[in-house]
Each structure stands twice: as C-alpha cells, then as structure tokens.
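Engineer: Encoded as structure tokens, here's the structure I'll be asking about.
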Amino acid sequence: MDDIIAEQKDTMSEQLREIEELTEASYEYGFSTDLDTDIAPPGLTEDTVRLISAKKDEPPWLLEWRLKAYEAWTSMDEPDWAKLNIAPIDYQGLSYWAAPKQKPVLDSMDDVDPEIRDMFDKLGIPLHEQKLLSNVAIDAIVDSVSVTTTFKATLAEAGVIFCSFSEAVQDHPELVREHLGSVVPVRDNFFAALNSAVFSDGSFCYIPAGVRCPMELSTYFRINSQNTGQFERTLIVAEDDSHVSYLEGCTAPQRDENQLHAAVVELVAKDRAEIKYSTVQNWYPGDENGVGGIYNFVTKRGRAHTDAKISWTQVETGSAITWKYPSVILQGDRSVGEFYSVALSSKRQQADTGTKMIHIGADTTSSIISKGISAGHGQNTYRGLVKAMRSAENARNYTQCDSLLIGSDCGAHTIPYIEVKNPTAQVEHEASTSTVGEDQLYYCRQRGMTEEDAMSMIVNGFCREVFNELPMEFAVEAQRLLSVSLEGSVG
Amino acid sequence: MLHVENLTASIAGNQILKGIDLDVGAGEVHAVMGPNGSGKSTFAHALAGRDGYEISGTVTLDGADLLDLEPEERAAAGVFMGFQYPVEIPGVNNMYFLRTALNSVRKARGEEEVGARDFLAVAQEAMDLVEMKTDFLNRAVNAGFSGGEKKRNEILQMAIMQPRLAVLDETDSGLDIDALRIIASGINALRGPDRSMIVITHYQRLLDYIKPDFVHVLVDGRIVESGDHTLALHLEDHGYAGFVNHDLDNVPEQRLSAAVL
Numbered sequence: 002m003d004d005i006i007a008e009q010k011d012t013m014s015e016q017l018r019e020i021e022e023l024t025e026a027s028y029e030y031g032f033s034t035d036l037d038t039d040i041a042p043p044g045l046t047e048d049t050v051r052l053i054s055a056k057k058d059e060p061p062w063l064l065e066w067r068l069k070a071y072e073a074w075t076s077m078d079e080p081d082w083a084k085l086n087i088a089p090i091d092y093q094g095l096s097y098w099a100a101p102k103q104k105p106v107l108d109s110m111d112d113v114d115p116e117i118r119d120m121f122d123k124l125g126i127p128l129h130e131q132k133l134l135s136n137v138a139i140d141a142i143v144d145s146v147s148v149t150t151t152f153k154a155t156l157a158e159a160g161v162i163f164c165s166f167s168e169a170v171q172d173h174p175e176l177v178r179e180h181l182g183s184v185v186p187v188r189d190n191f192f193a194a195l196n197s198a199v200f201s202d203g204s205f206c207y208i209p210a211g212v213r214c215p216m217e218l219s220t221y222f223r224i225n226s227q228n229t230g231q232f233e234r235t236l237i238v239a240e241d242d243s244h245v246s247y248l249e250g251c252t253a254p255q256r257d258e259n260q261l262h263a264a265v266v267e268l269v270a271k272d273r274a275e276i277k278y279s280t281v282q283n284w285y286p287g288d289e290n291g292v293g294g295i296y297n298f299v300t301k302r303g304r305a306h307t308d309a310k311i312s313w314t315q316v317e318t319g320s321a322i323t324w325k326y327p328s329v330i331l332q333g334d335r336s337v338g339e340f341y342s343v344a345l346s347s348k349r350q351q352a353d354t355g356t357k358m359i360h361i362g363a364d365t366t367s368s369i370i371s372k373g374i375s376a377g378h379g380q381n382t383y384r385g386l387v388k389a390m391r392s393a394e395n396a397r398n399y400t401q402c403d404s405l406l407i408g409s410d411c412g413a414h415t416i417p418y419i420e421v422k423n424p425t426a427q428v429e430h431e432a433s434t435s436t437v438g439e440d441q442l443y444y445c446r447q448r449g450m451t452e453e454d455a456m457s458m459i460v461n462g463f464c465r466e467v468f469n470e471l472p473m474e475f476a477v478e479a480q481r482l483l484s485v486s487l488e489g490s491v492g
Numbered sequence: 149m150l151h152v153e154n155l156t157a158s159i160a161g162n163q164i165l166k167g168i169d170l171d172v173g174a175g176e177v178h179a180v181m182g183p184n185g186s187g188k189s190t191f192a193h194a195l196a197g198r199d200g201y202e203i204s205g206t207v208t209l210d211g212a213d214l215l216d217l218e219p220e221e222r223a224a225a226g227v228f229m230g231f232q233y234p235v236e237i238p239g240v241n242n243m244y245f246l247r248t249a250l251n252s253v254r255k256a257r258g259e260e261e262v263g264a265r266d267f268l269a270v271a272q273e274a275m276d277l278v279e280m281k282t283d284f285l286n287r288a289v290n291a292g293f294s295g296g297e298k299k300r301n302e303i304l305q306m307a308i309m310q311p312r313l314a315v316l317d318e319t320d321s322g323l324d325i326d327a328l329r330i331i332a333s334g335i336n337a338l339r340g341p342d343r344s345m346i347v348i349t350h351y352q353r354l355l356d357y358i359k360p361d362f363v364h365v366l367v368d369g370r371i372v373e374s375g376d377h378t379l380a381l382h383l384e385d386h387g388y389a390g391f392v393n394h395d396l397d398n399v400p401e402q403r404l405s406a407a408v409l
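Protein chains in written order, with the working numbering: chain H, 2 to 492; chain G, 149 to 409.
Okay, here's the thing in structure tokens:
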C-alpha cells in the first residue's frame, strides 16, 4: 500500500518536474487556435437573447425563460460586497454568441475539425480513442458549443444521459424544463440572471434511479474567441439512489483584455443520491501587472434531498478575478454537504470564494475545508455562510479555513457568516494563517531539494486534505498547476 | 577532508564567528562545545549554507570550495546537517520527503534515482538503527513529533543520506536518557572511515556515548581550546567559566599544550 502511494507520488512529482521545465512561468496554454468563428456583434438587448435562442433552435418556453432572466438582469446591479477590485465591465461591449462555423454533428473522433483536435492536444485533453480507454467520457466545449461527446454509447447502456446542454434541450426537453432554474432561479443574482439570459451551451447529465454512473464524467471548457464572454450552463440530475462523479477542467488562452466568464451549475441529488463535483480551474490569470486575465463569476449550487450527498471539490489556480461560492441546500433530512477548496492567488489575482451550506432538514451535516494560498500581490478571501434554519434539528457543521502566505505583498482574509436558528445545531469554525517559512525552505534545501521543489512540496502538503478528495488524475493535474502557478514566487 | 580557515560570519552587522580554523580528517569525529551564544549553531549553519549571513574565509570539502555553493549543492557534495530544531512540514508524508531528499542529491550527482520499492528497504534499515516503527514513515514530516522523535528523525535522515560530512547541532538537547542512548548508538553505527562528523553539544553527556577524536571549545566566535576527549571531561567539572573573557591563564598546563596541536 505504502509502495503504491509512493509510486504514484513518484510519477506525480516526475510529471511535475517535466512540466516545470517546459513552462518556465509563462502561461502554458496561451495559444489561440484560428477557427472560423461565427460571432454576433457586440451588445446585449432582448434581440440578442432572441438571436441566441433562434440560433439554437430552442422551444418557445426556453426563450420565454431567457427573456424573463434578461428582464430581471436589466433591473439588477453587480454585486459589490466581495473583497474584489474589479475594473468596470462593459456588458454592451461584449459579444454574446460565438460558435465555430463548421458546426459539427459527429459520429467519431475522426470527424472533429483537425484544428480543434490540435488545440485539445495542446491542452493535453485525452480525446483520442486510446486515452478514452482511461474511462473518462468528455464533453468538450469550444466557445460555448459542444464539439463532441464521447462514450455516449456506453453511458446510454447504463441509462445515463450525458450530452451538451443544447442537445438536451432538443432530445430531453421535459427533463431540462423540470430542473432548469430549480436550484439557481433566474433572479438569484446578477451573474446568474445574465447567464440565464444568454447561456450558449454547457453540459447536461442525468443519472436514472439506482444507477451508479459507470465512469467519471468530465468536461473541459475553454474560451477561444477574443472578446466573447462564455456563459455555460451545467445541469446534473441524480435520481434516487444514484451516484455520479463529475470533473470539470478549464483553461483559457492568453489575452490582453479581460474576458468575462459567468457560469451556472445546478445539481439535483434526489433521495439517497450522491453527486461529487470536482473542478480544476486554470483560466488565464493575467500577467504580473494585472493585465488581462479571466473574470470568473460563477454560481454553483446543489440541492440535496433526503439522505443525499453533494460534495464540491475545487482547485482554483487561474482567473484574474474569482467570485465563486459552490453551495449546498441541505433540504432533506440527513443530507450531507461537503466543500473542499484550494484557491491560489498569485501575481495580481484576486479570489473571493467559499461556500454556502444551508441546513433545512434535520440531522443534516456539512463540512468545509478551505485552503487559501496567497503569493505575489494576490488577494485571497474565504467567504462562507453556514445557515441552520429553524427546522434543522441537530444540524452539524465543521469548517476549517487555512491560509498560507508566500511573500509579504499578498493578503489572506477569512470572512465566515454563521446564522443558527435552531438551538440544537452545532457549528464549529477553525481558522489558521501561516507562512511558508524560510526555515522550512532551508530545511528542505539542506536535504538536497531545490528551492522550487521545496516550495512545491510544502504547498502541496498544505493542500493535501483537499487533493485527497480529487480523483487521482485530477490530483496530479492540480499539483502540477499549483507548482506552475507558483513559479517565480520564490526568493 | 574538511578544511576551515579564518571563517567569519556576521548577521546584521553583528559578528558572530570571528575567525575559525578547523581541520577534520576522514573518519574523524570532532566535538564542538561551548556556552550559549558562543556561535556553535552559527558555525553549523555557515557550513550548511544558510542564507542571511555575511561570510568570509575558506571552507573546502575534499578540496572543493563550499562557500560559493547553495545549501542544496552542499547537500549534494555530501554535507548533512542535523538540526537542533527540526522543522515541521504539515501534510508532507515523511517517506515521500525522505525519498525526495535522497533522490535530489542522487540526481545532482548524476546517480540513478531510487524507486519506491528499493527505497522502502533502505528506509527500513535506517529505521531499525534508530528504533523507529514503520508507521513513522506515514506521518507528516516532524508534525506532531515529540522532541525525541524529531531528533531520531534527523539521525534517520542521516542514515538514509549517507553524508560525507555530518554536522549535528545539539542533537542531544531535550532527550531523555533512553532516547539519548538510541541516538548515540545510531550515530556510532554511522561512523566510518569515509565519514566525518562534527558534533555540537553543550554537555559532556552525549560524549559518554560518542567518544570524539577531538574536542574544541568555542567561545565568543573563536575556538579557544582543542584537545582530546578528556577536555570534555574537564569542562564537565569546571564549566566554561575559565574560557570566557579569553582567560586562558586559568586553563591547566596540559590543556594548553593540547591546543597547540
């Protein structure tokens, strides 16, 4: 057992080293593929919403839903409570629709546009058949339109539906209609309303009752076109007694302008169902001076019914701005919510991220493990709400927030909100702040490790509790991303 | 093997080492003793390459200059330091740390890295030496270790790294008598014709177990007296009082002649 773990770690650190050599601190995915793109003129009006809906050949109820969201959005203001310093966003200066012109309807990988395949190769996404044997089905998204969905057949056998959101709208309208907006209503917040009005594509996943999804489902998002916001929508419905693990990875090419990304993810875990949702987010963070980088405003929320469990794990290393609070509504009795997070802010990155655990049912439990890393001029804020409603008899929460500071120009902030309305509820909050000490680095170096290796080891050790929650493949990627992101922050 | 000549070290303008001369031959064990604040730990860190000191003088190991090297390069050259206060690294598995350390120096020397399976055998042998249980490897580096466990971990690391020169900084401090015995026997087992050791200590106690070839007295940044192991016994009886203020007149005749050696 020890051997196996050590062996895996060996491979990990080997890969890590290779990547470090290859990247040398510059953003690895900063290339831009020259795809022939169908792009809408900038601006957002009711007509834009109608155009998007028409382009996607959507049923009238969905158009109405979008228009309702648009109307709500026009009357809302950007939230300003986060500890984020954001340059004004010109929502009318953005284009809300971009799709590769050669809209593919594909039977196999061979039909995929070679340039798109090439791009995915650079990203290292295992789209090729042999890599697919690693048991990961991928719904790859380029600028909002799902290009290809793999392993659909295998999943279909199990009764699992895993497809692009647009396809789901066409093929399973009743499922989409029932659940869309059921966890995150259109009026929920400014960015959710915006997304609801203009979302272009995303992933849809449905696990029938009693089914354990035979493989981990994975989606890679990637923003490609210049000046286009990406608004994807993800909906996962797990029926009674089902189980699914879902992986989401994100990268974006290097751009000078700030790009807007406002996604919504909704999870529905019915009775005794379990959804595990893991994210590795590596959008372009901008450069040392804060030029460029993705603005990432994401609303993620799940509803857990009786005895259901929803677990969020996120590794956030990218984006200039991260505004994200994956949450769980613990509605059913004995439901469980978990949030494991590593958020790294280096260069001029700012992250305001955390979770909301809303305890409604009796005997509900939630745990929050948050690891914030600040380096360079990064600012990292944990913001979390734990709420026990009057009905939440014996609700339990445990929260642990650890911050790690690297260098003297960065900041770490912990802002917990606790609202308890039931006297039997128990809420625990622990927080710590530490620095990567000269002593630790020196100790490792005296044992022969380079300063970079030592830093990487110490930071990965700090994040270990969260990485343990990630599927192996993702844990490797997360470690790798962390050390790439930290390059140049030593010494 | 180790040659130190007129080594000085200052930190923030405050001179701590004021010209140390020392030669350590292959296979020799030298004890460096001295009162608090005499510069013993600074001497160890100066050899290991800690940042933050202004250093002058000469230090060579097997003829190669050490002072221009980074700490990790000195480690690759065979310098090992046993820390007085070993650092905790939460979340980092001890075995992973040890193997990374070993492989880092092996890689720097152009040697083949050791795989997980082979390493386990190496580690097991080293653990027997300091009477460590296997679960020790699965804990985070020094995190939650008792004082004795931390010091044993240092000797375990020395056994794995197989250094050319080991500088052990107060490895005996904070140990009960059983732990002291285990650590001393570990150190003795690691003595060899190709390995030199500098054992820094306050007390004679450790030297009851590890008989040094030479004993040096460090006072106020200088070696004021050198001799064989009987010098340590003398210190045990008389303390350092005779050496502070460089009052060498109080030192017995035969000790002075030893210093001339």
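A virtual CB, placed ideally from N, CA and C, is assigned to each residue, including glycine.
Please read all numbers here as calculations on a predicted model, not as lab measurements.
Given that G/Arg198 touches chain H, what residues does it touch there, using C-beta distances under 7 Å?
Structural biologist: Counted from its first residue, the second sequence places residue 198 of chain G at position 50. What G/Arg198 touches in chain H: Tyr443.
Engineer: Would you kindly check if the distance between the Cβ of H/Ala476 and the Cβ of H/Phe468 is under 7 Å?
Structural biologist: Residue numbering aside, residue 468 of chain H sits at position 467 when the first sequence is read from its first letter. Residue numbering aside, residue 476 of chain H sits at position 475 when the first sequence is read from its first letter. Against a cut-off of 7 Å, the Cβ pair of H/Ala476 and H/Phe468 comes out as a contact.
Engineer: For the segment 304-335 of chain H, which residues have a beta carbon sitting closer than 7 Å to at least one beta carbon of chain G?
Structural biologist: Correct list: empty, as no residue qualifies.
Engineer: Are H/Val269 and H/His173 touching if we call contact CB-CB under 7 Å?
Structural biologist: Working through the first sequence from its first residue, we reach residue 269 of chain H at position 268. Working through the first sequence from its first residue, we reach residue 173 of chain H at position 172. No.
Engineer: Which first and last residues belong to the alpha helix (DSSP H) in which G/Ile303 is found?
Structural biologist: As a working mapping, residue 303 of chain G is identified with position 155 in the second sequence. Element bounds for G/Ile303: 295-309.
Engineer: Give me the chain H residues within the contact set of G/Glu218, using Cβ-Cβ distance strictly less than 9 Å, ordered along the chain.
Structural biologist: By one-based count along the second sequence, residue 218 of chain G stands at place 70. Under the 9 Å cutoff, chain H gives Arg446, Thr451, Glu452.
Engineer: I'd like to know whether the C-beta of H/Gln131 is nearer than 7 Å to at least one C-beta of chain G.
Structural biologist: As a working note, residue 131 of chain H is residue 130 in the first sequence. Because the pLDDT of H/Gln131 is 32, which lies under 50, any placement of that residue in the model is unreliable, and the number read from its coordinates should be weighed accordingly. Not an interface residue.
Engineer: Going by Cα to Cα distance, which pick from G/Leu250, G/Gly258, G/Val278 is closest to G/Asp266?
Structural biologist: Here residue 266 of chain G refers to the residue found at position 118 of the second sequence. If we check each option's Cα against that of G/Asp266, G/Leu250 comes out closest.
Engineer: Would you say H/Ala274 and H/Gly294 are within 7 Å of each other, going by their C-beta atoms?
Structural biologist: As a working mapping, residue 274 of chain H is identified with position 273 in the first sequence. As a working mapping, residue 294 of chain H is identified with position 293 in the first sequence. Going by C-beta atoms, H/Ala274 is not nearer than 7 Å to H/Gly294.
Engineer: Report the neighbours of G/Gln272 on chain H: residues whose CB is nearer than 9 Å to its CB, in chain order.
Structural biologist: For the purposes of this step, residue 272 of chain G is taken as the residue at position 124 of the second sequence. None at all; the shortest Cβ gap to chain H is about 11 Å.
Engineer: Compare the Cα-Cα distances from H/Val329 to each of H/Ala309, H/Ser246, H/Ala88 and report the closest residue.
Structural biologist: Start at 1 with the first residue of the first sequence, and residue 329 of chain H comes out as number 328. Checking every option, the nearest Cα to that of H/Val329 belongs to H/Ala309.
Engineer: Considering only C-alpha positions, which residue in the set H/Leu345, H/Asn190, H/Glu394, H/Leu68 is nearest to H/Thr382?
Structural biologist: Counting from one through the first sequence, the residue named residue 382 of chain H turns up at place 381. Comparing Cα positions, the closest option is H/Leu345.
Engineer: Where do the N-terminal and C-terminal ends of the beta strand (DSSP E) with G/Phe228 fall, by residue?
Structural biologist: On the second sequence, position 80 is the one that residue 228 of chain G refers to. Unbroken beta strand (DSSP E) run through G/Phe228: 227-230.
Engineer: Output, in chain order, the set of chain H residues within a Cβ distance shorter than 8 Å of G/Ile348.
Structural biologist: On the second sequence, residue 348 of chain G is found 200 positions in, with the first residue counted as 1. Ordered by position in chain H, no residue passes the 8 Å Cβ test against G/Ile348, which lies about 15 Å from the chain.
Engineer: Would you be able to state if there are at least three C-beta pairs under 8 Å between the segment 356-372 of chain H and the segment 394-405 of chain H?
Structural biologist: Judged by Cβ distances under 8 Å, the segment 394-405 of chain H makes contact with the segment 356-372 of chain H, as three or more pairs qualify.
Engineer: Answer yes or no: does any C-beta atom of chain G fall closer than 7 Å to that of H/Gly94?
Structural biologist: Start at 1 with the first residue of the first sequence, and residue 94 of chain H comes out as number 93. Chain G, which has no Cβ nearer than 7 Å to the Cβ of H/Gly94, makes this no.
Engineer: Residue ranges of each alpha helix (DSSP H) run of no fewer than 4 residues wholly in the segment 349-401 of chain G, ordered along the chain?
Structural biologist: Fully enclosed alpha helix (DSSP H) runs of 4 or longer: 377-386.
Engineer: Evaluate H/Lys348 with the Cβ neighbour count: other Cβ atoms within 10 Å of its Cβ, from every protein chain shown; 16 or more gives buried, anything less gives exposed.
Structural biologist: Reading the first sequence from its first residue, position 347 is the one you call residue 348 of chain H. Result: buried.
Engineer: Using three-state DSSP, classify H/Glu439 as helix, strand or coil.
Structural biologist: Within the first sequence, the letter at position 438 stands for residue 439 of chain H. If DSSP states are grouped into helix, strand and coil, H/Glu439 belongs with the helices.
Engineer: With distances taken from CA atoms, which of H/Gln231, H/Val265, H/Ile208 is nearest H/Ser243?
Structural biologist: Residue mapping note: residue 243 of chain H aligns to position 242 of the first sequence, counting from 1. Ranking H/Gln231, H/Val265, H/Ile208 by Cα distance to H/Ser243 puts H/Ile208 first.
Engineer: On a Cα-Cα basis, can you pick out the residue from G/Ala224, G/Val177, G/Leu195 that is closest to H/Thr513?
Structural biologist: No statement about residue 513 of chain H is possible, as the shown extent of chain H runs from 2 to 492 and does not include it.
Engineer: What residue range is occupied by the uninterrupted alpha helix (DSSP H) comprising H/Ser328?
Structural biologist: Sequence index remark: in the first sequence, residue 328 of chain H carries index 327 (1-based). Careful: H/Ser328 lies outside any alpha helix (DSSP H), inside the beta strand (DSSP E) at 328-331.
Engineer: By Cβ distance below 6 Å, which residues in the same chain neighbour H/Thr229 in space, the five residues on each side in sequence not counted?
Structural biologist: Looking up residue 229 of chain H in the first sequence gives position 228. Summary for H/Thr229: the model assigns pLDDT 47, below 50, so the residue's position carries little reliability; its value from the coordinates is reported in the next sentence. Taken in chain order, the residues that qualify are Ser96, Ala99.
Engineer: In whole angstroms, give me the CA-to-CA distance for G/Gly295 and G/Asp283.
Structural biologist: For the purposes of this step, residue 295 of chain G is identified with residue 147 of the second sequence, where counting begins at 1. For the purposes of this step, residue 283 of chain G is identified with residue 135 of the second sequence, where counting begins at 1. Answer to the nearest angstrom: the Cα atoms are 17 Å apart.
Engineer: What residue does the alpha helix (DSSP H) around H/Val477 start on, and which one ends it?
Structural biologist: On the first sequence, residue 477 of chain H is found 476 positions in, with the first residue counted as 1. Run containing H/Val477: 473-487, per the alpha helix (DSSP H) assignment.
Engineer: Ordered along the chain, which non-local residues of its own chain (more than five positions away) have a Cβ less than 7 Å from that of G/Ile308?
Structural biologist: Counting from one through the second sequence, the residue named residue 308 of chain G turns up at place 160. Excluding sequence neighbours, G/Ile308 sits near Leu246, Leu250, Val270, Ala271, Ala274.
Engineer: Measuring alpha carbon to alpha carbon, tell me which residue in G/Lys299, G/Leu304, G/Arg343, G/Ala327 is nearest G/Asp317.
Structural biologist: As a position in the second sequence, residue 317 of chain G is number 169, starting the count at 1. Minimum Cα distance to G/Asp317 is reached at G/Lys299.
Engineer: Which word fits G/Lys281, buried or exposed, when buried means at least 16 other C-beta atoms lie within 10 angstroms of its C-beta?
Structural biologist: As a working note, residue 281 of chain G is residue 133 in the second sequence. Exposed, because fewer than 16 other Cβ atoms sit within 10 Å of the Cβ of G/Lys281.
Engineer: Of all the options H/Asp440, H/Ile419, H/Glu439, H/Val212, which has the alpha carbon lying nearest to the alpha carbon of H/His430?
Structural biologist: One-based indexing of the first sequence puts residue 430 of chain H at position 429. If we check each option's Cα against that of H/His430, H/Ile419 comes out closest.
Engineer: Against chain G, with Cβ distances strictly below 7 Å, would H/Asp353 count as a contact?
Structural biologist: Working through the first sequence from its first residue, we reach residue 353 of chain H at position 352. For H/Asp353, the answer is no, since every Cβ of chain G falls outside 7 Å of its Cβ.
Engineer: Among the residues of its own chain, which have a CB less than 7 Å from the CB of H/Ile53, if the five just before and after it don't count?
Structural biologist: Residue 53 of chain H sits at position 52 when you count from the first residue of the first sequence. These residues qualify, in order along the chain: Tyr97, Trp98, Val199, Ser201.
Engineer: Give the straight-line distance between the Cα atoms of G/Ile168 and G/Ala192, rounded to the nearest whole angstrom.
Structural biologist: In the second sequence, counting from the first residue as 1, residue 168 of chain G sits at position 20. In the second sequence, counting from the first residue as 1, residue 192 of chain G sits at position 44. C-alpha separation (whole angstroms): 12 Å.
Engineer: Is G/Ile159 close to chain H? Criterion is C-beta to C-beta, closer than 7 Å.
Structural biologist: Start at 1 with the first residue of the second sequence, and residue 159 of chain G comes out as number 11. No - not a single Cβ of chain H is within 7 Å of the one on G/Ile159.
Engineer: Use the C-beta contact count for G/Ile325: other C-beta atoms within 10 angstroms, 16 or more gives buried, fewer gives exposed.
Structural biologist: In the second sequence, counting from the first residue as 1, residue 325 of chain G sits at position 177. Label assigned to G/Ile325: exposed.
Engineer: Using a threshold of 7 Å, state whether the C-beta atoms of H/Leu405 and H/Ser435 are closer than that.
Structural biologist: Within the first sequence, numbered from 1, the residue matching residue 405 of chain H stands at position 404. Within the first sequence, numbered from 1, the residue matching residue 435 of chain H stands at position 434. Result yes, Cβ atoms of H/Leu405 and H/Ser435 sit closer than 7 Å.
Engineer: Got a sec? Which residues, its chain only, sit under 7 Å from H/Pro80 by beta carbon, not counting five neighbours each side?
Structural biologist: Here residue 80 of chain H refers to the residue found at position 79 when the first sequence is read from its first residue. Within the same chain, H/Pro80 has close Cβ partners Asn190, Phe191.
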